[in-house]
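Chemist: Protein sequence lines correspond, in order, to chains A and B.
So for the first sequence, our numbering puts the first residue at -17; every next one is plus one.
So for the second sequence, our numbering puts the first residue at -17; every next one is plus one.
Below is one structure. I have some questions about it.
2 protein chains.
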Amino acid sequence: MAAQSKIPQATAKRLPLYYRFLNNLHLQGKTRVSSKELSDAVKVDSATIRRDFSYFGALGKKGYGYNVEYLLGFFRKTLDQDETTNVALIGVGNLGTAFLHYNFTKNNNTKIQMAFDADTNKVGSKIGGVPIYHIDQLENRLTDVQAAILTVPGAQAQPITERLVQSGITGILNFTPARITVPEEIRVHHIDLAVELQSLIYFMKHYPTDE
Amino acid sequence: MAAQSKIPQATAKRLPLYYRFLNNLHLQGKTRVSSKELSDAVKVDSATIRRDFSYFGALGKKGYGYNVEYLLGFFRKTLDQDETTNVALIGVGNLGTAFLHYNFTKNNNTKIQMAFDADTNKVGSKIGGVPIYHIDQLENRLTDVQAAILTVPGAQAQPITERLVQSGITGILNFTPARITVPEEIRVHHIDLAVELQSLIYFMKHYPTDE
């Protein structure tokens, strides 16, 4: 674990991507992979892949490439694939429903255990096998949940966040347009659809052939 | 434009975020902002904000902060807010519907002009004011569209991408789990919901108080 704290954050962010692709290769019966193949598949340049892998002591062999099983074992341990993290989804609108239909458990041990909504017509039903509870039940139900996906209307983001933090949630994937304020020990990743779209368009105009 | 090509990509990625927040401040009648306030609002540390702004020649004054109107004018020009980019959405499932309901035009000139789906029950209707056409109409309709949001099932991602590129699309926001292959002059930003969730959880475990 001491070695892992030296992995640059940019490298760490690419780990789930590498893991997912290598797992697919493994399922297809492939035993080795070149940095060129990896690069084509995950759209990260070969030099970056080689540098990333060197942080884990995984060195590719010329004309052979990387051993898939070795890498997978390594990533699985690094990503703690054997330890399930329980996730709750807050807000079963269109975006929330998309998440519930999404097959998160295919390649990893991340699981949406429960969902919450204020709409009593949705409460009591299941989507993608996940039960939907009333938002009033939040504090009662979140006893063994570590992370939350936030897909509520923007105006609800901050008050719901405060209830999540009170309930012991330590990580939030914020898909609302609102920026949320949390104590510093809580990790928040924010994905704002409008900002993502504007960012793409900015890059189209100013960095047409970069990256 | 020459100066802009020197802006680091990491800085460029934060521009839409700054723009959005400053525009909100402006709408509230605020005339100045400190890097501390900006930092609290957009969740980027003050030192990074000051460095980012220095690339645009915007220097805050001690005890005064930054002039909101000046910054806005600058960002507006930089982000080409006056030039509308036409966007098409491909795939009107739950995620696609969430995008159509999202108010993209509130703070910028990015507009989803049309949507496409293979489901004839959806074709001919409108969501959030955006008309839905049949996917067979793609090539006929995309005459003045520059960017596409891809929210189709993973298996459809690559064949649809090829049709988009043939139709002159130069940027794709890929929300499918599939990595897509495009000619190098096409810009793709990929947001994989499962990878985002895994990444959050990885960071929760390994970088609990960082960033």
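Glycine residues also receive a C-beta, built at the ideal position from the N, C-alpha and C atoms.
Quantities reported herein were computed from a predicted structural model and do not represent experimental measurements.
Using a Cβ-Cβ distance under 8 Å, would B:F35 count as near chain A?
Modeler: One-based indexing of the second sequence puts residue 35 of chain B at position 53. It does not: the Cβ of B:F35 has no partner Cβ on chain A nearer than 8 Å.
Chemist: With a threshold of 8 Å between beta-carbons, can B:Q180 be considered close to chain E, or not?
Modeler: Checking the listed chains, one finds no chain E in this structure; the protein chains it contains are A and B.
Chemist: Cβ atoms of A:A139 and A:T158: under 8 Å apart, would you say?
Modeler: Position 176 of the first sequence, counting from 1, holds the residue named residue 158 of chain A. Position 157 of the first sequence, counting from 1, holds the residue named residue 139 of chain A. Yes; because the gap between Cβ atoms is below 8 Å, this pair is in contact.
Chemist: Going by the CB atoms, is the gap between B:L9 and B:V15 shorter than 8 Å?
Modeler: What you label residue 15 of chain B is simply residue 33 of the second sequence in a count that begins at 1. What you label residue 9 of chain B is simply residue 27 of the second sequence in a count that begins at 1. Cβ distance not < 8 Å, so B:V15 and B:L9 don't count as in contact.
Chemist: Quick one: measure Cβ to Cβ for A:R2 and B:V26, integer angstroms, because I've assumed they're closer than 8 Å.
Modeler: Translated into the one-based positions of the first sequence, residue 2 of chain A becomes position 20. Translated into the one-based positions of the second sequence, residue 26 of chain B becomes position 44. That belief does not hold up - the Cβ atoms of A:R2 and B:V26 are roughly 28 Å apart, past 8 Å.
Chemist: Classify A:G11 as buried or exposed, calling it buried when 16 or more other Cβ atoms lie within 10 Å of its own Cβ.
Modeler: Reading the first sequence from its first residue, position 29 is the one you call residue 11 of chain A. A:G11 is exposed by the Cβ-count criterion.
Chemist: Note down, in chain order, each residue of its chain lying with its Cβ closer than 7 Å to the Cβ of A:D99, except the 5 sequence neighbours on either side.
Modeler: As a first step, residue 99 of chain A must be located in the first sequence, where it is residue number 117. Around A:D99: G73, V74, V105, I114, I117.
Chemist: Can you look up B:G45 in the DSSP assignment and give me helix, strand or coil?
Modeler: One-based indexing of the second sequence puts residue 45 of chain B at position 63. B:G45: coil per DSSP, three-state reduction.
Chemist: Using DSSP bridges, identify the partner residues of B:D99.
Modeler: Residue numbering aside, residue 99 of chain B sits at position 117 when the second sequence is read from its first letter. B:H116.
Chemist: Is there at least one Cβ from chain B nearer than 8 Å to A:N68's Cβ?
Modeler: Residue numbering aside, residue 68 of chain A sits at position 86 when the first sequence is read from its first letter. So, not an interface residue.
Chemist: Considering only the alpha carbon of each residue, which of A:T102, A:S17, A:V24 lies closest to A:K(-5)?
Modeler: Counting from 1 along the first sequence, the entry for residue -5 of chain A is found at position 13. Selected option, being the one with the closest Cα: A:V24.
Chemist: Whose Cβ in chain B lies nearer than 9 Å to the Cβ of A:P(-2)?
Modeler: Start at 1 with the first residue of the first sequence, and residue -2 of chain A comes out as number 16. By Cβ distance, chain B contributes D174, A176, V177, E178, L179, Q180, S181, I183, Y184.
Chemist: Under 8 Å, do B:V164 and B:T143 count as touching if we go by C-beta distance?
Modeler: Against the second sequence, residue 164 of chain B aligns to sequence position 182. Against the second sequence, residue 143 of chain B aligns to sequence position 161. Yes.
Chemist: Tell whether a beta-carbon distance below 8 Å holds between B:I154 and B:V134.
Modeler: Indexing the second sequence from 1 puts residue 154 of chain B at position 172. Indexing the second sequence from 1 puts residue 134 of chain B at position 152. Not a contact, by the Cβ cut-off of 8 Å.
Chemist: Relative to the C-alpha of A:L71, which residue among A:K108, A:Q(-9), A:E167, A:L53 is closest?
Modeler: Within the first sequence, residue 71 of chain A is the residue found at index 89, counting from 1. Selected option, being the one with the closest Cα: A:K108.
Chemist: Could you tell me whether any Cβ in chain B is nearer than 8 Å to the Cβ of A:V24?
Modeler: If you number the first sequence from 1, residue 24 of chain A lands on position 42. Yes, A:V24 lies at the interface with chain B (some Cβ there is under 8 Å from its Cβ).
Chemist: Do B:T66 and A:M186 come within 8 Å of each other at the CB atom, strictly closer than that value?
Modeler: As a working mapping, residue 186 of chain A is identified with position 204 in the first sequence. As a working mapping, residue 66 of chain B is identified with position 84 in the second sequence. No, the pair does not count as a contact, with Cβ atoms beyond the cut-off.
Chemist: From A:Q(-9), A:D34, A:E121, A:N103, pick the residue whose C-alpha is nearest to that of A:Y0; which is it?
Modeler: Along the first sequence, read from residue 1 onward, the residue named residue 0 of chain A stands at position 18. For the residues A:Q(-9), A:D34, A:E121, A:N103, the minimum Cα distance to A:Y0 belongs to A:D34.
Chemist: Where does A:R161 fall in DSSP's three states?
Modeler: Mapped onto the first sequence, residue 161 of chain A falls at position 179. Note: A:R161 maps to coil in three-state DSSP.
Chemist: Using a threshold of 8 Å, state whether the C-beta atoms of A:L20 and B:Y184 are closer than that.
Modeler: On the first sequence, position 38 is the one that residue 20 of chain A refers to. On the second sequence, position 202 is the one that residue 184 of chain B refers to. Contact flag unset, no.
Chemist: Out of curiosity, what's the CA-to-CA distance linking A:D101 and A:L77?
Modeler: Start at 1 with the first residue of the first sequence, and residue 101 of chain A comes out as number 119. Start at 1 with the first residue of the first sequence, and residue 77 of chain A comes out as number 95. Near 15 Å, if we compare the C-alpha coordinates of A:L77 and A:D101.
Chemist: So what's B:E193 in DSSP terms, helix, strand or just coil?
Modeler: On the second sequence, residue 193 of chain B is found 211 positions in, with the first residue counted as 1. Any reading at B:E193 must be qualified, since the residue scores a pLDDT of 40, below 50, and its modelled position is unreliable; the value itself is stated next. B:E193: coil per DSSP, three-state reduction.
Chemist: How long is the line joining the alpha carbons of B:L195 and B:T79, rounded to whole angstroms?
Modeler: Chain B is shown from -17 up to 193; residue 195 of chain B falls before or after that span and cannot be answered.
Chemist: Using a Cβ-Cβ cutoff of less than 7 Å, which residues in the same chain neighbour A:K18 once the five nearest sequence positions on both sides are dropped?
Modeler: For the purposes of this step, residue 18 of chain A is identified with residue 36 of the first sequence, where counting begins at 1. Around A:K18: S28.
Chemist: Could you give the first and the last residue of the continuous beta strand (DSSP E) run that contains B:V170?
Modeler: In the second sequence, counting from the first residue as 1, residue 170 of chain B sits at position 188. Looking at the DSSP string, the run of the beta strand (DSSP E) that includes B:V170 is 169 to 172.
Chemist: At the level of alpha carbons, what is the spacing between B:M96 and B:I131?
Modeler: Numbered from 1 along the second sequence, position 114 holds the residue referred to as residue 96 of chain B. Numbered from 1 along the second sequence, position 149 holds the residue referred to as residue 131 of chain B. Distance between the alpha carbons of B:M96 and B:I131 is about 11 Å.
Chemist: Using beta-carbon positions only, say whether A:L(-3) and A:L53 come within less than 8 Å of one another.
Modeler: Here residue -3 of chain A refers to the residue found at position 15 when the first sequence is read from its first residue. Here residue 53 of chain A refers to the residue found at position 71 when the first sequence is read from its first residue. Contact: no.
Chemist: Is it the case that the Cβ atoms of A:F81 and A:F56 are separated by a distance below 8 Å?
Modeler: Here residue 81 of chain A corresponds to residue number 99 of the first sequence, with the count starting at 1. Here residue 56 of chain A corresponds to residue number 74 of the first sequence, with the count starting at 1. The answer is no: Cβ separation not under 8 Å.
Chemist: Under 8 Å, Cβ to Cβ, is there at least one residue of chain A near B:L233?
Modeler: There is no way to answer for residue 233 of chain B, as the model of chain B reaches only from -17 to 193.
Chemist: Looking at the unbroken beta strand (DSSP E) that takes in A:V69, where does it start and where does it end?
Modeler: Counted from its first residue, the first sequence places residue 69 of chain A at position 87. From DSSP, the beta strand (DSSP E) with A:V69 extends over 67 to 72.
Chemist: Can you tell me which of the three DSSP states B:G153 falls into?
Modeler: On the second sequence, residue 153 of chain B is found 171 positions in, with the first residue counted as 1. Looking at B:G153 - three-state DSSP - the assignment turns out to be strand.
Chemist: Is B:V15 helix, strand or coil when you go by DSSP?
Modeler: As a first step, residue 15 of chain B is located in the second sequence; it is residue number 33 there, counting from the start. Strand, per DSSP.
Chemist: Using only the alpha-carbon positions, how far apart do B:T125 and B:I94 sit?
Modeler: Reading the second sequence from its first residue, position 143 is the one you call residue 125 of chain B. Reading the second sequence from its first residue, position 112 is the one you call residue 94 of chain B. Cα to Cα, B:T125 sits roughly 14 Å from B:I94.
Chemist: Please determine, among B:T(-7), B:S36, B:L146, B:T13, the residue with the shortest C-alpha to C-alpha distance to B:E51.
Modeler: As a position in the second sequence, residue 51 of chain B is number 69, starting the count at 1. When only C-alpha atoms are compared, the closest one is B:T13.
Chemist: Report the rounded CA-to-CA distance for B:A137 versus A:Y84, giving the unit in angstroms.
Modeler: Within the second sequence, numbered from 1, the residue matching residue 137 of chain B stands at position 155. Within the first sequence, numbered from 1, the residue matching residue 84 of chain A stands at position 102. So the alpha carbons of these two residues sit roughly 14 Å apart.
Chemist: Run down chain A in chain order and give the residues with a C-beta less than 8 Å from the C-beta of B:A100.
Modeler: Taking the first residue of the second sequence as position 1, residue 100 of chain B is located at position 118. Residues of chain A passing the Cβ test: none, with the nearest at roughly 17 Å.
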